[in-house]
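Here this note's numbering = 1-based position in the sequence shown + 328.
Quick reminder that beta carbons are idealized off the backbone N, C-alpha and C, glycines included.
All figures in this text were calculated on a predicted structure; none of them were measured in a lab.
Reviewing the structure listed below.
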Amino acid sequence: MDYSIFLDEFKRCNNNQEKSVWIMKTIVKSQGKGFFLFNKIPQISQWKSSFRYNPDNPQAEPYI
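See below:
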């Protein structure tokens, strides 16, 4: 729902000389489980197409 807001912020932060590293994590787990780092938008698409996320799966976990 907030993806367009995220994209705007991502572009703003990555327009600097130093690229930002972002964290994508589940909203329900802790202890460093279920997260990954990314610095390019296509990395999110790769993650979505992998077995780690399937929106049709009722057990799919929401990520931030």
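{"Check": "Element boundaries [beta strand (DSSP E), containing F364]", "Outcome": "364 to 366"}
{"Check": "Reduced DSSP secondary structure (H/G/I, E/B, other) of I372", "Outcome": "helix"}
{"Check": "Contact under 7 Å by Cβ, K353 with F338", "Outcome": "no"}
{"Check": "Three-way DSSP call (helix, strand, coil) for I351 in this model", "Outcome": "strand"}
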